[in-house]
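Student:
Residue numbers (my numbering): 62 to 618.
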């Protein structure tokens with residue numbers, strides 16, 4: 062995978078792929094960590110089109126027939142209407158929980174067919190919302206366009222089969238619709254999907270279920286390649302894979318198999334002659350037959366890839382904590398129109414879902430608890446200063462290591478004015494633990510500890526010049542009122558579209574000046590290029606490095 066040089070997504074049903082994180086840069090997302098709203102259309106996709114795609118995918122994943130799928134599509138359109146999504150691009154987007162509530166409120170007037178469709182759909186939807194925990198408990202999940210730039214493993218072990226199937230299929234469709242809307246046609250290979258146990262998504266039984274129609278996922282397999290998406294599907298039972306996936310894969314690989322039915326299924330798909338099939342029948346471990354396109358099939362020897370499967374849940378948490386902390390989502394909320402029409406007293410009818418308890422109980426010393434309190438109260442204090450609260454540096458370091466080992470905090474490094482500084486950032490697990498100790502975990506500023514550190518440093522730099530500066534005012538990282546002009550500063554942690562969108566928002570709001578601050582010059586240059594490509598006027602925009610703010614002078618403003 063690493064040799065291809067393109068990012069990939071892998072759907073993992075057995076916690077196998079996480080161990081690759083020992084060799085390559087990998088983001089591993091257990092379903093308990095995932096935030097995704099399947100009712101929010103991909104960027105650039107009209108809500109009405111996405112309602113149709115969503116209904117098809119949900120229906121295929123949960124084995125709904127055409128009548129129930131059509132009923133579902135109507136309900137999604139009705140829900141979008143309650144959220145004014147056809148009048149304008151607005152927030153928030155409804156979640157599957159609001160869809161469930163809308164259908165529960167539906168009166169079917171004792172028409173048997175409609176009642177059957179409603180009951181069948183509600184049965185599937187209630188089960189998915191219940192089993193999926195907090196996955197769908199958001200208006201906006203993790204940004205798919207950003208995840209497409211990374212190697213991501215989605216761990217679905219522990220979810221029911223229907224939920225696993227739905228998540229795999231809807232993410233697959235989401236990426237296709239996003240690529241189509243962005244015009245990524247004929248752009249070469251951009252990204253790869255890996256699906257083990259491929260029959261779960263590409264099931265021949267569902268393909269042959271006439272009453273449900275041709276599955277949407279079958280249609281996608283024939284189109285994805287044109288938009289730069291590669292698909293690698295594997296299964297030990299090839300006879301259960303759809304005819305579509307076997308027909309539309311450019312490269313086919315036959316490994317040793319003792320089952321005649323499965324062997325025959327692949328040899329038929331590769332159109333092997335009797336003699337070629339006889340040769341393939343004698344393959345041993347490490348050998349395979351490969352066919353690329355319509356070319357002549359050839360035997361190959363496979364390289365043995367040795368990988369120790371030693372990454373435990375706790376090790377994964379320590380390894381991935383920094384990556385998880387950078388993921389952003391928005392909590393679930395509704396519109397007044399929805400509440401008034403569908404859910405008066407909604408808080409009683411749809412209780413907030415809760416994150417499942419971590420089976421690993423946190424057990425740390427009193428010294429560690431004391432250090433945790435100091436971390437929360439003084440988030441930007443240098444680590445050496447924290448250790449002054451203890452009888453020795455050794456004891457302070459031991460307390461810090463306890464918190465890190467238990468997954469309560471992660472270590473982050475920042476190049477500050479007084480040299481390199483180590484900061485400690487609370488994890489979600491640590492936040493829950495701290496709340497159990499009655500510690501106030503609320504903080505000013507947004508994002509991770511590095512982002513908040515520079516927000517506070519910039520705010521203090523302006524205040525030292527006698528100016529009024531505020532955090533998170535007018536949705537800006539730092540807002541500065543100079544009397545005769547208003548300035549906002551955005552702290553850019555990376556070269557991504559989100560930073561450009563914030564800048565555009567501030568320019569449209571009419572601020573006199575917008576400063577973009579970053580840790581590295583290459584980030585500033587990348588953002589400047591993005592902004593210029595969008596044709597934005599840079600007359601009111603300035604680009605600075607965060608370290609410049611410690612040297613501010615009033616005359617430079």
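All C-beta atoms, glycine included, are put in the ideal place defined by N, C-alpha and C.
Determine, using beta carbons only, whether residue 425 and residue 467 come nearer to each other than 9 Å.
Tutor: To locate residue 425, count along the chain shown from 1; it is residue 364. To locate residue 467, count along the chain shown from 1; it is residue 406. Cβ distance < 9 Å, so residue 425 and residue 467 count as in contact.
Student: Verify whether the separation of the beta carbon atoms of residue 582 and residue 599 is less than 9 Å.
Tutor: Counting from 1 along the chain shown, the entry for residue 582 is found at position 521. Counting from 1 along the chain shown, the entry for residue 599 is found at position 538. Taking 9 Å as the Cβ cut-off, residue 582 and residue 599 do not qualify as a contacting pair.
Student: Is residue 353 buried or exposed, if buried means 16 or more other CB atoms sit within 10 Å of its CB?
Tutor: Walking along the chain shown from the start, residue 353 turns up at place 292. Result: exposed.
Student: Report the option in 162, 240, 257 whose CA atom is closest to the CA atom of residue 105.
Tutor: For the purposes of this step, residue 105 is taken as residue 44 along the chain shown, with counting starting at 1. Nearest C-alpha to residue 105: 240.
Student: Where DSSP assigns a beta bridge to residue 605, which residues make up the other side?
Tutor: Locating residue 605 in the chain shown gives position 544, where the first residue counts as 1. Residue 605 is bridged to 578.
Student: Report all residues from its chain with a CB closer than 7 Å to the CB of residue 91; omit the five preceding and five following residues, and keep chain order.
Tutor: The residue you call residue 91 lines up with position 30 of the chain shown. Result list for residue 91: 216, in chain order.
Student: Can you have a look at residue 134 and say buried or exposed, based on whether 16 or more other CB atoms are within 10 angstroms of its CB?
Tutor: Indexing the chain shown from 1 puts residue 134 at position 73. By the neighbour-count rule (16 or more Cβ atoms within 10 Å), residue 134 is buried.
Student: Just to confirm, are residue 262 and residue 229 a CB contact at a threshold of 9 Å?
Tutor: Taking the chain shown and counting its residues from 1, one reaches residue 262 at position 201. Taking the chain shown and counting its residues from 1, one reaches residue 229 at position 168. Cβ distance < 9 Å, so residue 262 and residue 229 count as in contact.
Student: So, with DSSP's three-state summary, where would you put residue 484?
Tutor: Working through the chain shown from its first residue, we reach residue 484 at position 423. In this structure, residue 484 counts as strand in the three-state DSSP scheme.
Student: Going by other Cβ atoms of all chains shown within 10 Å of its Cβ, with 16 needed for buried, is residue 161 buried or exposed?
Tutor: In the chain shown, counting from the first residue as 1, residue 161 sits at position 100. Answer is buried; the Cβ neighbour count reaches 16.
Student: Among 98, 572, 164, whose alpha-carbon lies nearest the alpha-carbon of residue 194?
Tutor: The sequence position of residue 194 within the chain shown is 133, counting from 1. It is 98 whose Cα lies nearest to the Cα of residue 194.
Student: So, for residue 531: in the same chain, excluding its five sequence neighbours on each side, which residues have a beta-carbon less than 6 Å away from its beta-carbon?
Tutor: By one-based count along the chain shown, residue 531 stands at place 470. Around residue 531: 540.
Student: Which residue wins for smallest C-alpha separation from residue 96, given the options 113, 159, 200?
Tutor: Locating residue 96 in the chain shown gives position 35, counting from the first residue. By alpha-carbon distance to residue 96, the top candidate from 113, 159, 200 is 200.
Student: Taking C-beta to C-beta, are residue 621 and residue 574 nearer than 9 Å?
Tutor: Examination of residue 621 is not possible in this model, given that the chain is present from 62 through 618 alone.
Student: May I ask you to report which of helix, strand or coil DSSP gives residue 225?
Tutor: For the purposes of this step, residue 225 is taken as the residue at position 164 of the chain shown. Three-state result, residue 225: helix.
Student: Would you check if the stretch 334-348 and the stretch 290-305 touch, i.e. whether three or more CB-CB distances between them fall below 8 Å?
Tutor: no
Student: Could you please give the first and the last residue of the uninterrupted alpha helix (DSSP H) stretch that includes residue 114?
Tutor: Stepping through the chain shown from its first residue, residue 114 is reached at position 53. First-last of the alpha helix (DSSP H) with residue 114: 108-122.
Student: From residue 490 to residue 497, what distance separates their C-alpha atoms?
Tutor: The residue you call residue 490 lines up with position 429 of the chain shown. The residue you call residue 497 lines up with position 436 of the chain shown. Cα to Cα, residue 490 sits roughly 11 Å from residue 497.
Student: In whole angstroms, what separates the C-alpha of residue 482 from that of residue 579?
Tutor: Sequence index remark: in the chain shown, residue 482 carries index 421 (1-based). Sequence index remark: in the chain shown, residue 579 carries index 518 (1-based). Each residue's alpha carbon lies about 17 Å from the other.
Student: What does the Cβ neighbour count give for residue 147, buried or exposed, with the cut at 16 atoms within 10 Å?
Tutor: On the chain shown, position 86 is the one that residue 147 refers to. Exposed, since its Cβ has fewer than 16 Cβ neighbours within 10 Å.
Student: If I measure Cβ to Cβ from residue 68 and keep anything under 7 Å in the same chain, skipping five residues before and after, which residues do I get?
Tutor: Locating residue 68 in the chain shown gives position 7, counting from the first residue. For residue 68, where only same-chain residues beyond five positions count, the Cβ hits under 7 Å are 209, 210, 211, 212, 252.
Student: From residue 429 to residue 436, what does the alpha carbon distance come to, in whole angstroms?
Tutor: On the chain shown, residue 429 is found 368 positions in, with the first residue counted as 1. On the chain shown, residue 436 is found 375 positions in, with the first residue counted as 1. The alpha-carbon separation between residue 429 and residue 436 amounts to approximately 10 Å.
Student: Going by alpha carbons, who is nearest to residue 192 out of 258, 440, 93, 391?
Tutor: For the purposes of this step, residue 192 is taken as residue 131 along the chain shown, with counting starting at 1. For residue 192, the nearest C-alpha among the options comes from 93.
Student: Under the three-state reduction of DSSP, which class applies to residue 312: helix, strand or coil?
Tutor: Translated into positions along the chain shown, residue 312 becomes position 251. Residue state, collapsed to three classes: strand.
Student: Could you please give me the residues that DSSP links to residue 73 through a beta bridge?
Tutor: As a position in the chain shown, residue 73 is number 12, starting the count at 1. DSSP, once it has assigned bridges, lists 216 as partnering residue 73.
Student: Bridge partners of residue 540, per DSSP?
Tutor: Here residue 540 refers to the residue found at position 479 when the chain shown is read from its first residue. Under DSSP, residue 540 takes part in a beta bridge, and its partners are 531, 549.
Student: For residue 570, count neighbouring C-beta atoms within 10 Å of its own C-beta (all shown protein chains included) and say buried if the count is 16 or more, exposed if not.
Tutor: By one-based count along the chain shown, residue 570 stands at place 509. Exposed, by the Cβ-count rule.
Student: Starting from residue 476, follow its DSSP beta bridges and name the residues at the other end.
Tutor: Taking the chain shown and counting its residues from 1, one reaches residue 476 at position 415. Note: residue 476 sits in a beta bridge opposite 481.
Student: For residue 158 and residue 196, I'd like the C-alpha separation in whole angstroms.
Tutor: The count along the chain shown starts at 1 and reaches residue 158 at position 97. The count along the chain shown starts at 1 and reaches residue 196 at position 135. The alpha-carbon atoms of residue 158 and residue 196 are separated by roughly 11 Å.
Student: Using CA atoms only, rank isn't needed, just tell me which of 327, 300, 256, 248 is closest to residue 289.
Tutor: The residue you call residue 289 lines up with position 228 of the chain shown. The option with the nearest alpha carbon to residue 289 is 248.
Student: Near residue 281, which residues of its chain fall below 7 Å by C-beta distance, leaving aside the five closest residues on each side in sequence?
Tutor: Mapped onto the chain shown, residue 281 falls at position 220. 233, 234, 237, listed in sequence order.
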